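Asks: Numbered by the numbering used here, the letters in the sequence shown go through residues 156 to 744 in order.
Note that beta-carbon positions come from the ideal geometry of N, C-alpha and C, so glycine has one too.
It should be emphasised that the depicted structure is a prediction, and the values quoted were computed from it without experimental measurement.
Questions regarding the structure given below will be posed in turn.
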Amino acid sequence: MKKSWNTWNVRSVLSHVRLPEGIAISLGIKEYSTGQCMREMLVGRDDVIPGAHAYDGSYTCLTVGWHKLKMRVETAVEDGEWYALVTPLATGIKPEALTIEGAVLWSRPGFAQRVEDALIIQSGETTVTVRASGTHQEDEPVTEIASPHLVVFLDQPVSISTNPAKLDETESVIERQKAAFLVTRQEHGEKQEVYEAMQGCLAWDTVYDPFNDRIISPVSRVWSSGCGGWVLFDWDTYFGSWIASVDNKELAYGNAIAITEEATEQGFIPNFALPTGFKSSDRSQPPVGSITVQALCDRFDETVLARQLFDALLKWNRWWAEKRDKDGYLCWGSDPYEPVVGNEWETKGVNERYGGSLESGLDNSPMYDDVPFDQESHLLLMADVGLMALYIADCNALADLAERIDRSAEAAELQKRADRYAEKLRGMWCEKTGLFLNKNLATGEYSERLSPTHFYPLIARVATQEQAERMINEHFFNPEEFWGDWILPSIARNDPAYPDQDYWRGRIWAPMNFLVYLGIRNYDLEKARTALVEKSEALLLKEWREHGHVHENYCADSGQGCNSKKSDRFYHWGGLLGLIGILDKDWKQ
């Protein structure tokens, strides 16, 4: 993937870069009612409606709005050459102009210069000549742009190409590549629309990391642009690998490797990592790495990824038992450490209840509101059903991978740990409630604050069929708790915090639906499985159809994502709502 043109530049979806040279062609807009210039645009932050995006950059399409201008931008790559067709759909009284910048990014050796109506960009032994059709503004200064650039009126469609000899063939090239890409989407049949939303979001969010020379899929460009180039979150990135595995093995493996290689010296995968080298050295996040790698190995029928990542995943697995065990139960925590870069998150919440709740991945969940934090053990003093279930699943998946790669001793070790914690989790079953309940280890009392994490024991196969049926019938389908037009709320509807609809205080999160689906699939619970598939797809498609958005989270009352500023509008794990149905279709076959 690192040898072609694509939207690798994290700062703008209108910037196309050729790797490995770092040669960039970036599009922008000059408008005349104010004289302003727009040079960078991102989905979710600006007026951008994303369209198709082939993973390899062979075809992309989006619609951009700015002031009075609406324009469609289509690009294609053919035989190593880049083509773009920019079509104005609406303009101001004086038509806006398209700016076309040339540059060499990321301190690669090279230069760009304008020669008459062309941009010459050179990096190493590669030279690219960019030409554009239309009426050029020869003496149009744009003070916001420091690099060589062209300015072309948008009073008509503008063709751009790195192959000047075929500039007039741009439209034909784009149509060919568009047709080829549409064929791949049609392969998903009745799931085509959910696939388009899921795959399109991940493709637009995939960028180049110049710090480590790798292709990665951060959660969104908006998040990454504010974090110095990229931010990798733990379970978010593993889920991104799972999404990519539908039809892009290289990207799926690359993301799983990237986040696993961010492991700290202590051996755990951090909550997050930044290009500055700063990572959350006090806390991890939900252990979903091994079930992800197991799924990828199953999907591609090989063990190469397991062999590469096994030791790191094993070290992480051991860390949970060593650092997060309290009386045989597992708890979330946050360990103190000395700051190294001066970032606020090196002290904010560290060795406190807030830091422990951040490790859960459910940052402000009401489940942790009144739980005491022990600063000596660095633990949130609650035996957590969700953590214990995911950890047991992690042990089981890693034990299975160990057997596949001839690590029988480690497989036995992992199975022993899985059995020990499974026995503890079984003891957290509440016969009266019909659910496994969190336990306050300071008081010995069980908590009645319910979340979809209480269904996670189904992932670990700890529940009996009878218990699973009670969990689903009495809670999943209970309209006072989790059932409704839109599911699954991150806290039960009858919880006092549910009306907040603030982040993890009641809103719907795709990873919760996804993990509950994986659990339900382990039992004879067809009605619940079908309902979760259908309602998850409906939730994803609601705002995809209306706005082209794939949200970080959604309102559990209205199904909206845009009604909260705490919901990134193009966050790739929202695509898990569609992956549920795609996996279910394959699973049933």
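(1) For residue 177, is the classification buried or exposed, using 16 other Cβ atoms within 10 angstroms of its Cβ as the cut-off for buried?
(2) When the Cα atoms are used, what is the spatial distance from residue 306 to residue 268?
(3) Does any C-beta atom of chain B lie closer than 7 Å to the C-beta of residue 245?
(4) What's the gap between the Cα of residue 698 and the Cα of residue 225?
(5) Between which two residues does the beta strand (DSSP E) harbouring residue 315 extend?
(6) Would residue 376 and residue 182 qualify as a contact pair, given that the criterion is a beta-carbon distance under 7 Å?
(7) Using a threshold of 7 Å, state whether the C-beta atoms of residue 278 and residue 314 are closer than that.
(8) Could you check where the beta strand (DSSP E) with residue 308 kicks off and where it finishes?
(9) According to DSSP, simplified to helix, strand and coil, what is residue 605?
(10) Excluding sequence positions up to five away, which residues of its chain have a Cβ less than 7 Å from the Cβ of residue 652?
(11) Specify whether the segment 574 to 582 and the segment 476 to 490 touch according to this definition: at least 3 beta carbon pairs, one from each stretch, less than 8 Å apart.
(12) Determine the extent of the alpha helix (DSSP H) in which residue 620 is found, giving its start and end residues.
(13) With distances taken from CA atoms, which of 361, 691, 604 is nearest residue 672?
(14) Express the C-alpha separation of residue 202 and residue 299 in angstroms, rounding to a whole number.
(15) Does the distance from the CB of residue 293 to the CB of residue 251 come in under 7 Å?
(16) What residue range does the alpha helix (DSSP H) around residue 214 cover?
(17) Which same chain residues end up closer than 8 Å to residue 688 when comparing Cβ atoms and leaving out the 5 residues on each side of it in sequence?
(18) Going by beta-carbon coordinates alone, are residue 430 and residue 381 separated by less than 7 Å?
(19) Measure the C-alpha to C-alpha separation of residue 630 and residue 334 and round it to an integer number of angstroms.
(20) Determine which residues share a DSSP beta bridge with residue 485 and list them.
(21) What would DSSP say about residue 368, mapped onto helix, strand or coil?
(22) What three-state label does DSSP hand residue 709 in the structure shown?
(23) Rounded to whole angstroms, what is the Cα-Cα separation between residue 749 and residue 628?
(24) Taking all protein chains shown into account, decide if residue 517 is buried (16 or more other Cβ within 10 angstroms of its Cβ) or exposed.
(25) To the nearest angstrom, report how far apart residue 389 and residue 439 are at their CA atoms.
(26) Can you give me the Cβ contacts of residue 745 inside the same chain, cut-off strictly under 6 Å, excluding the 5 residues immediately before and after it?
(27) Could you pull out every residue in the same chain whose Cβ sits closer than 7 Å to the Cβ of residue 670, ignoring the five residues on either side in sequence?
(28) Anyone know if the C-beta pair for residue 489 and residue 506 falls short of 7 Å?
(29) How close, in whole Å, do the beta carbons of residue 448 and residue 413 come, if the pair is a contact with beta carbons under 8 Å?
(30) Just reading off the alpha helix (DSSP H) that residue 449 is part of, what are its end residues?
(31) Can you give the Cα-Cα distance for residue 706 and residue 564, rounded to whole angstroms?
(32) Can you tell me which of 199, 180, 328, 325 puts its alpha carbon nearest to the alpha carbon of residue 284?
(33) Please name the residue, chosen from 635, 519, 163, that lies closest to residue 261 on a Cα-to-Cα basis.
(34) Could you tell me the distance, in whole angstroms, from the CA atom of residue 534 to the CA atom of residue 515?
(35) For residue 723, which residues of its own chain have a beta-carbon under 8 Å away from its beta-carbon, when the five flanking residues on both sides are left out?
(36) How many Å lie between residue 355 and residue 404 at the Cα?
Replies: Well, looking at it:
(1) buried
(2) 14 Å
(3) Looking at the structure shown, chain B is missing, and only one protein chain is on hand.
(4) 20 Å
(5) 313 to 316
(6) no
(7) no
(8) 304 to 308
(9) coil
(10) 521, 646, 660, 661
(11) yes
(12) 620 to 626
(13) 691
(14) 20 Å
(15) no
(16) No alpha helix (DSSP H) contains residue 214, which is instead part of the beta strand (DSSP E) from 214 to 221.
(17) 672, 735, 736, 739
(18) no
(19) 46 Å
(20) 480
(21) coil
(22) strand
(23) The shown model of the chain, from 156 to 744, leaves out residue 749, and the question about it has no answer.
(24) buried
(25) 8 Å
(26) Any answer about residue 745 is impossible in this case: the structure gives the chain only from 156 up to 744.
(27) 611, 614
(28) yes
(29) Not confirmed; about 13 Å, so no contact.
(30) 444 to 455
(31) 43 Å
(32) 180
(33) 163
(34) 12 Å
(35) 199, 374, 375, 377, 378, 706, 707
(36) 16 Å
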